[in-house]
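For reference, the structure discussed in these notes is given below.
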Amino acid sequence: MAQFLDTASGRRIAYHRHEGQDPGIVFLGGFKSDMTGTKAVHLEAWARKNGRSFLRFDYSGHGESSGDFEAGCIGDWAEDARDAISALTTGPQLLVGSSMGGWIGLLLARDMADRVAGLVTIAAAPDFTEQGFWAGFSEVERAKIIDEGRLETPSEYSDSPYVITRRLIEEGRSNLVMNRPLPLPFPVRLLQGTNDDDVPVGWALDLLNHAQGDDIRLTLVKDADHRFSSPECLHLIETAIDDVLA
Numbered sequence: 455m456a457q458f459l460d461t462a463s464g465r466r467i468a469y470h471r472h473e474g475q476d477p478g479i480v481f482l483g484g485f486k487s488d489m490t491g492t493k494a495v496h497l498e499a500w501a502r503k504n505g506r507s508f509l510r511f512d513y514s515g516h517g518e519s520s521g522d523f524e525a526g527c528i529g530d531w532a533e534d535a536r537d538a539i540s541a542l543t544t545g546p547q548l549l550v551g552s553s554m555g556g557w558i559g560l561l562l563a564r565d566m567a568d569r570v571a572g573l574v575t576i577a578a579a580p581d582f583t584e585q586g587f588w589a590g591f592s593e594v595e596r597a598k599i600i601d602e603g604r605l606e607t608p609s610e611y612s613d614s615p616y617v618i619t620r621r622l623i624e625e626g627r628s629n630l631v632m633n634r635p636l637p638l639p640f641p642v643r644l645l646q647g648t649n650d651d652d653v654p655v656g657w658a659l660d661l662l663n664h665a666q667g668d669d670i671r672l673t674l675v676k677d678a679d680h681r682f683s684s685p686e687c688l689h690l691i692e693t694a695i696d697d698v699l700a
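Heads up: the sequence shown is residues 455 to 700, going by the working numbering.
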């Protein structure tokens, strides 16, 4: 059963936490995903087996947390992550960020570097509101967002459409990480499938080239898709975590 953290911003964040050895592992989920996903649950079981502390949670407007998804934005969700890490963990943590969670992890690395022991990303999607959504919209779609404040787009992961709001796009621009220096002074492992229809391989290469650090490695997995949840992919995530912890 989930526990809840009431934040200074008035949001109620649902979470599951397991106590164990530090540095602990914090899982950062993706856009419109929740903490019950395959990777989050699998990694919690792996952490328990290995005696490692673990935290997974739902951003506001996601899963069991309070709030309206359409009202949220990148800054809100990064703040949720900062609040959860600050209140529910001690010392530096290893962040595991999936898709949007990769972007959130990079923001945390910038804003609370003393609490980050390392970073593992899975199909990281930094700046996706700009280089993914906005860049891919037609002029008609852009006008709809500006004039009406929202746009519905199909989702292959849910029966309900993604709702892209004007606030999500405009606020995202204040949290871009690929247009400014990105120091990552700790071990970083980037994992990326070559059959990912949501995050192009080129984004992973761009992140590898843009980030600044002495221990940053990218692993490309042939034919792996955006979910990155096959037994082989889950094992690769475990291996990356072990590598960072070592």
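Don't be surprised by glycine CBs; every beta carbon is placed ideally from N, CA and C.
Secondary-structure assignment with DSSP links T461 through no beta bridge to anything.
With 16 or more other CB atoms across the displayed protein chains lying within 10 angstroms of its CB, G556 is buried. By the criterion of a C-beta distance shorter than 8 Å, G505 is surrounded in its chain by G474, Q475, once the five residues flanking it on both sides are discounted. Selection A541, D677, P639, T673 evaluated against T648 yields D677 as nearest (Cα-Cα). Less than 8 Å separates the beta-carbon of V570 from that of A563.
Of the other Cβ atoms in all chains shown, fewer than 16 fall within 10 Å of the Cβ of M455; this residue is therefore exposed. The three-state secondary structure of E473, taken from DSSP, is coil. Here G491 really is in contact with G483; their C-beta atoms are around 6 Å apart, less than 8 Å. When the beta-carbon positions are compared, F485 and R510 stay at least 8 Å from each other.
The shortest C-alpha to C-alpha distance from S507 to any of L549, D537, C527, S519 is the one to L549. In the structure shown, G656 adopts helical secondary structure according to DSSP, grouped into three states. Secondary structure at S540: helix, using DSSP grouped into helix, strand and coil. Straight across, the Cα-Cα distance linking D652 with H680 is about 6 Å. It is roughly 10 Å from the alpha-carbon of L690 to the alpha-carbon of I576. DSSP places E584 in no beta strand (DSSP E); its state is neither H nor E. Distance from the Cα of D568 is smallest, within the candidate group R471, P637, I670, R466, for P637. Secondary structure of A678 (DSSP, three-state): coil. Residues of the same chain with a CB within less than 8 Å of the CB of V631, apart from the 5 flanking positions on each side, are W557, L560, L561, R564, P580, D581 in chain order.
Between the stretch 524-538 and the stretch 618-625, the count of Cβ pairs shorter than 8 Å is three or higher; the stretches touch. Residue I467 holds the alpha-carbon nearest to the alpha-carbon of I539 among I467, P685, V655.
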